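Number of protein chains: 2
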Amino acid sequence: MRTSIATVCLSGTLEEKLLACAKAGFDGIEIFEQDLLVSPMSPEEVKAMAHRLGLTLDLFQPFRDFEGVTEEQLQANLHRAEAKFQLMQRLGMDLMLLCSNVGTATINDDGLFVDQIRQLSDLAARYDVRIAYEALAWGKYVDTYQHSWEIVKRVDRANVGLCIDSFHILSRGDDPSEIAAIPGEKIFFVQLADAPVLSMDILSWSRHYRLFPGQGGFALDQFLAELVRSGYDGIISLEIFNDVFRQSNVERTAIDGLRSLQWLQSTTAQLLSSTGEHYALDLKVLPGEQDATGFDFAEIRTEDPERVAGMLAQLGFSFSGQHRRKPVQLWSSGEAKIIINSQRSRGVEAAVSGFGVLVPDPVASGERGGALLATRVPRQQTNNEQDLPGFVAPDSTEVFFSSPANTRNWVLEFEDAGPAASAVPSGPILGIDHINIAQPWQCFDESVLFYSSVLNLKARPGTEVPSPMGLVRSQVLSTADSAVRLALNIVPQGLESIIERNHEYPEHVALRADDIIEVARNARARGMEFLQVPDNYYEDLAARFDLDAQLLDTLKELHLLYDRDEAGEFLHFYTKTLGNMFLEVVERRSGYDGYGAPNAPVRLASQFESNRWSRNL
Amino acid sequence: MRTSIATVCLSGTLEEKLLACAKAGFDGIEIFEQDLLVSPMSPEEVKAMAHRLGLTLDLFQPFRDFEGVTEEQLQANLHRAEAKFQLMQRLGMDLMLLCSNVGTATINDDGLFVDQIRQLSDLAARYDVRIAYEALAWGKYVDTYQHSWEIVKRVDRANVGLCIDSFHILSRGDDPSEIAAIPGEKIFFVQLADAPVLSMDILSWSRHYRLFPGQGGFALDQFLAELVRSGYDGIISLEIFNDVFRQSNVERTAIDGLRSLQWLQSTTAQLLSSTGEHYALDLKVLPGEQDATGFDFAEIRTEDPERVAGMLAQLGFSFSGQHRRKPVQLWSSGEAKIIINSQRSRGVEAAVSGFGVLVPDPVASGERGGALLATRVPRQQTNNEQDLPGFVAPDSTEVFFSSPANTRNWVLEFEDAGPAASAVPSGPILGIDHINIAQPWQCFDESVLFYSSVLNLKARPGTEVPSPMGLVRSQVLSTADSAVRLALNIVPQGLESIIERNHEYPEHVALRADDIIEVARNARARGMEFLQVPDNYYEDLAARFDLDAQLLDTLKELHLLYDRDEAGEFLHFYTKTLGNMFLEVVERRSGYDGYGAPNAPVRLASQFESNRWSRNL
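Sequences listed follow chains A and B, in order. Everything in the first sequence is counted per full-length UniProt numbering, starting at 1 for the first residue and increasing by one. Everything in the second sequence is counted per full-length UniProt numbering, starting at 1 for the first residue and increasing by one.
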């Protein structure tokens, strides 16, 4: 499948955009006219540079407000069009996007649209230009693809076809299934955009909130399947108006975009193969799709391993060995393995730096990550060490893939890690329940796509948590069976302006227990410092739930938090924050599948309070 | 008028919120339960602290999902309510907000609502609590104030009344005029919120985008007038859910909020006095409402005055004197006065630091600013200098008020500034057209209220300008006659992550000429460096406008930009950026009243390009 992207998706100058698209690996780009207009590069330079970089210039866009106008206006529009055809010639381009008229159309007459577009067609033919007509969702008279197709059919010219854009169809809730009936060769261009499910006016939604495929709520695999059924075998392009992408690093955004197309063509191919359909478009299937069966380990980076080790010991973890070559310790309890890494830790008090997941075939996951343009974690296998393919997530967390067999091997790299360490030693902590990772606002959508495509996780409905430093947006991604759960939290942007004393938003590893009260009691006996929970919280618990008085006393005594839903109960507690990380212990009773979201504001406020006091000392 | 604010409007801990509200000067606060629940302060401490600070605790809120439920659910709700009544007793509070049921109501029966609210009333009476019933715009069965009033009437209890919230009424487009017919004493509480005009689902709009009165699109003076007509003479409170306020500095937000109420009560009083109505609510009128008649001066701070002076000389400005006491120069041309200030300029290459406007009575403007809680600019009047009341805007621009008489005086503080300097000397630049100020995203709404209330400017429709570093949101504020025009530009947040080489967004002073071509030619002859304009821009101009070929050549030769609308034509050019500022020269032909917005992307891209190259050297 040939891939393209509109320059308007990206930040920077036109030159920077071209470089970033080529570096990411796109086949071509759409020239968004505004980007050319403000560029010091001449059209000839753009043409030559694209050629040197191996990028095709696929679509010149947009040409607006053409049809449905008075004769006088038409002549002005043809004059404007001719100037653009001449410009396209200098660029070596042959395809122009014509948007259905939004602003200047005054006459609602399909016959007139047809006639005027034919005049454009005649003029375009003189410059060997083809016209791709697109129905904008907010077009004045033409706002559905069925209508634009009706007009293109009536225009009946070889150089006039359709441009199909998923946003303009799916944002209206229109059914894309009639696309399959359009002859593929009359679809001149395809633009794909995803979007979050929002209820707002379509124009604002379109101009600010579009997303790359896989980052929003549209079923783009089904959409692309309809296109494929039409016989379309041309370029699949991205046209994403997104306020964040427009101000983010151009190279990262380009990679994010191409990743979305790699992911989408694979899921679409799977969809089509499940129905046994034949099609012309060459859709590449990604290797290594497999569900993770659990966390392998969590890794904490710290320049002061003793304090992290102390916390783990208080929770009942056992020391399972020192790495034979590196300043890295392994601690375990049940299936939970925590690696304390002091490499590259200068100035790092403590931080969640990465994690591993277990998959049947780690090598295939490594290939998958590579095909999805993920950045490999450089890792030495000196001294016969186990190879674990790993990638750097957009938020800079390092994510590794292992298998039970590989894990047995890497555990042995830790001296003293006898068979006990690899054979699920007993301990009050049974495993890792979830990992909570902070997200800078610039990379949230990129992260959602990264974790859902590279790790094959599914995004669950998001939530928002009030905190003293603003609303924290939270997005859970998990495997279908919840064996691996990640919570991504977007850090409020104003953080630094409110509290210079707390530059970072703490991340955490949540550990699973089946008797949290015992874990808490023992930890307390061993001197653990818990996150404080205000008395007011327990009074509210009593008002909301019909709780046993003794349980309530125990919760309060041990700083445990409580939640309940239809399925079951959730008890949890938090340790004090160390540097930029803390630990949580959770007990899920019956089928409780959440994360105690009603308690998250208590946690955030208490951390804010304790931060405040500790920094003021 | 007694003022209050809900703690949910603000960032920080409950303690910080109380301190900030007291410091700003609110009479009381609403306790948003969540803020108490996450606080380590006991209810008794909150009560005592509020007492010490002189704040009343006006409303406990919200109590949700009470009425329209099954008998079993009702008992649980009464249990929950009683716990909250007990809590309110400890807080010393007597008014609770009851929101119309959104989540748990299953029975749509006004009679049942009445009966269940009566049971709540009985229970509340035992704790001397009054209930203010509020129709949420998204209430399941009760979603208008007319409906909630119908229910309150039928409940017919002394301790049950209404809470009226402007957002829930105006967001639906409902007519507030029936509020006037409700007996004022049955309105127990009033919450005011403004909001931008958005087309999105009301719940999201409400939870994220509310604004303080005067910052959005609601006619809150008319709304408050209806309340006044009801005979209401109680507290006017603010309940603003705003993502930005929740993560901004708490003290600034509290001041911003109280400013909005000072402004609103004044405009409402004026509205009511124009109709000669009598009313019970004590509405304070702000002093000093007057339109500025023009800019007095613009001030540029720089550690290197020679470079700024050089630019001004190239544009035809004359040196009009050195201040007799301070390292400050005055340059003038026509009515344009530019002050080059080298005080407090260490490390400042060049920046627009402030401006003055002319008003009939500067002292009254000074009083107005004080009443609007604006921060005074500390300014010495040693040595018999002219007093100019000045305030620091939220974006840290210094704004001064002068009169023609005062201006004659302060100009004389500059030695060599003979009568020529104060008597509108001739020069090709005629005056200051507008000033463009960068806004950090945290203070945009605060700035709109500041400039519209303290300077008495009106906000015009906003626009968005694409740039290589993201969309720049632009908001013009001006006097009715456009004698004073300000453009506020919100700087894209990702700026630093894209271009470390350009930390600041440049600001500028736009100067008015009536022969811009001559100004440009002379400036060029004097060696001025213009902002580069790409050739592609001129080709597009030719395609869009039917321009005289000679004019087009001249535009291109002199790097002039061009725009046209129904009223007239606009020609303008930009100087090279110096530090963090540049100058623009504009010529308005016929009645053109805009700012050349279609050309702004060209300017931003060209500045981005030139920044890039100069920083890479």
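Every residue, glycine too, gets a C-beta built ideally from N, C-alpha and C. None of these values were measured; they are calculated from a predicted model.
Residue i - containing beta strand (DSSP E), residue span
i	result
B:GLY470	470-478
A:ILE300	294-301
A:PHE391	390-392
B:VAL155	Taken as a continuous stretch (DSSP letters only), B:VAL155 belongs to no beta strand (DSSP E), being part of the alpha helix (DSSP H) at 145-155.
B:GLY28	28-32
8 Å contact criterion, which residue i and residue j should meet: CB distance rounded
i	j	result
A:ASN242	A:LEU211	6 Å
B:GLY316	B:SER333	6 Å
A:PHE391	A:ARG376	6 Å
B:LEU560	B:MET311	B:LEU560 to B:MET311, Cβ: 17 Å. No contact.
A:SER11	A:THR253	7 Å
B:GLY231	B:PRO183	7 Å
A:ILE435	A:ARG512	12 Å between Cβ atoms; not a contact.
Option in the options with minimal Cα separation from residue i
i	options	result
B:ASP128	B:MET96, B:ASP110, B:GLU539 and B:GLY111	B:MET96
B:ASP433	B:VAL448, B:PHE355, B:SER402 and B:LEU555	B:PHE355
A:SER318	A:PRO327, A:ALA336 and A:ARG325	A:ALA336
A:ASN406	A:ASP256, A:PHE450, A:ILE235 and A:PHE297	A:PHE297
A:ASP416	A:ALA225, A:ILE182, A:ILE339 and A:GLY321	A:GLY321
A:SER148	A:LEU136, A:TRP263, A:PRO362 and A:LEU224	A:LEU136
A:SER353	A:VAL328, A:ILE300, A:GLU306 and A:PRO394	A:ILE300
B:ASP387	B:SER365, B:ALA374, B:THR397 and B:PRO394	B:SER365
B:GLN314	B:ARG526, B:LEU578 and B:ASP35	B:ARG526
B:GLU16	B:TYR451, B:HIS278, B:VAL250 and B:LEU551	B:VAL250
Rounded separation between residue i and residue j - CA only
i	j	result
A:ARG501	A:SER467	Confidence in A:ARG501 is poor, its pLDDT being 38 and thus under 50, which makes the residue's placement too unreliable to answer from.
B:ALA371	B:LEU286	7 Å
A:PHE608	B:SER402	46 Å
B:ASP256	B:MET88	29 Å
B:GLU566	B:PRO534	26 Å
B:LEU37	B:LEU14	10 Å
A:ARG603	B:GLY111	41 Å
B:ASP548	A:VAL197	49 Å
A:ILE5	A:LEU59	10 Å
Residue span of the alpha helix (DSSP H) that contains residue i, given as start and end
i	result
A:CYS21	14-24
A:ILE202	202-208
A:ARG368	362-371
B:ARG407	With the sequence shown as reference, residue 407 of chain B is identified as Thr, and Arg is not the correct amino acid for it. Counting along the chain, the alpha helix (DSSP H) containing B:THR407 begins and ends at 404-411.
A:GLU251	250-275
B:ASP128	Per DSSP, B:ASP128 belongs to no alpha helix (DSSP H) and is neither H nor E.
Where residue i sits in the DSSP three-state scheme
i	result
B:HIS51	helix
A:GLU500	Residue confidence is low: A:GLU500 scores 44 on pLDDT, short of 50, so the model does not pin down where it sits. Its coordinate-derived value is still stated next. Three-state DSSP puts A:GLU500 in coil, outside helix and strand.
B:SER447	helix
B:SER610	helix
A:VAL465	strand
A:ALA195	coil
A:LEU78	helix
B:MET311	helix
A:MET88	helix
B:PHE218	coil
A:VAL142	coil
B:SER396	coil
A:GLY184	helix
B:ASP65	coil
B:LEU162	strand
A:LYS337	strand
Cross-chain neighbours of residue i in chain E, by beta carbon under 9 Å
i	result
B:MET49	Protein chains in the displayed structure are A and B, and chain E is not among them.
Heavy atom of the ligand SAM within 7 Å of residue i beta-carbon
i	result
A:LEU373	Only the bare structure without any ligand can be found here, which leaves the ligand SAM out of the picture.
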